[in-house]
Amino acid sequence: MPTYNTSQFKRGLKVQLEGEPYSMIEMEFNKPGKGQAVYKTKLKNLLNGRILDRTYKNGESLEAADVEERTLQYLYQDGTYFHFMNPDSFEQYEVSAESLGDLGKFLVEEATCDVIFWNGSPISVTPPAHVELKVTYTEPGAKGNSTGNVQKPATVHTGAELMVPIFINVDDVIRVDTRTGEYIERVSKS
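Using this note's numbering, read the sequence shown as starting at 58 and increasing by one per residue.
Right, here's the structure in full:
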């Protein structure tokens, strides 16, 4: 199995620790006045999302994780699984709703997602950074209540709930940042 030396450490690097795949989400190089240089890292477990803080001395190495990233198209959800398809081979894959968590509420049919495979099975899904969702329920905004950044809760067609500005109405289409779950802008009015 290939390894990565500390000089190759960078964000996004996929490594294996204790038999499980991790993604390096932060890496900081620190050279004290005396002594050896160290690399402070934050590693995210790709199976359960747990974050580890690890420090490595200059010259140490980590085993590369046997992971593969593929771009797949989201098809549908059946309640238990989210179904994805490879647009080139038409091969289909299932990802459990439990492993997707809240990200599943931001998936829109036919969206292109980056999926990480480990040992031939999908383990992590990254949806597009921004999606357009239709508002299915929100309270009407109170007239004259337009000072400042007044927000209200809204539900979109995928089931996600988020805070939107007071002027958003039912049937409006809004753009949402899937990384934070926050409203960005209104795309079209009802």
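The C-beta atom is built at its ideal place from N, Cα and C for all residues, glycine as well.
For clarity, every value in this text was computed on a predicted model and none was experimentally measured.
Could you work out which residue in the options is closest to residue i when comparing CA atoms only?
{"i": "residue 151", "options": "192, 110, 131 and 228", "result": "131"}
{"i": "residue 248", "options": "62, 81, 195 and 206", "result": "As displayed, the chain neither begins before 58 nor continues past 247, which places residue 248 out of reach and without an answer."}
{"i": "residue 76", "options": "114, 104 and 93", "result": "104"}
{"i": "residue 162", "options": "61, 182 and 96", "result": "182"}
Going by DSSP, what residues sit across from residue i in a beta bridge?
{"i": "residue 86", "result": "96"}
{"i": "residue 174", "result": "125 and 179"}
{"i": "residue 114", "result": "95"}
{"i": "residue 231", "result": "190 and 243"}
Roughly how many angstroms lie between the CA atoms of residue i and residue j, to the nearest whole one?
{"i": "residue 159", "j": "residue 65", "result": "33 angstroms"}
{"i": "residue 106", "j": "residue 100", "result": "9 angstroms"}
{"i": "residue 228", "j": "residue 187", "result": "19 angstroms"}
{"i": "residue 179", "j": "residue 116", "result": "32 angstroms"}
{"i": "residue 85", "j": "residue 166", "result": "38 angstroms"}
{"i": "residue 93", "j": "residue 69", "result": "25 angstroms"}
{"i": "residue 74", "j": "residue 114", "result": "16 angstroms"}
{"i": "residue 175", "j": "residue 206", "result": "44 angstroms"}
{"i": "residue 140", "j": "residue 134", "result": "6 angstroms"}
{"i": "residue 90", "j": "residue 80", "result": "30 angstroms"}
{"i": "residue 128", "j": "residue 242", "result": "27 angstroms"}
{"i": "residue 83", "j": "residue 97", "result": "8 angstroms"}
{"i": "residue 244", "j": "residue 225", "result": "11 angstroms"}
{"i": "residue 173", "j": "residue 147", "result": "17 angstroms"}
Would residue i and residue j qualify as a contact pair, given that the criterion is a beta-carbon distance under 9 angstroms?
{"i": "residue 122", "j": "residue 191", "result": "no"}
{"i": "residue 164", "j": "residue 184", "result": "yes"}
{"i": "residue 171", "j": "residue 126", "result": "yes"}
Quiz item: How do the stretch 212–231 and the stretch 93–113 stand: do at least 3 beta-carbon pairs fall below 8 angstroms, yes or no?
Solution: No, because fewer than three Cβ pairs between the stretch 212–231 and the stretch 93–113 fall closer than 8 angstroms, the two stretches do not touch.
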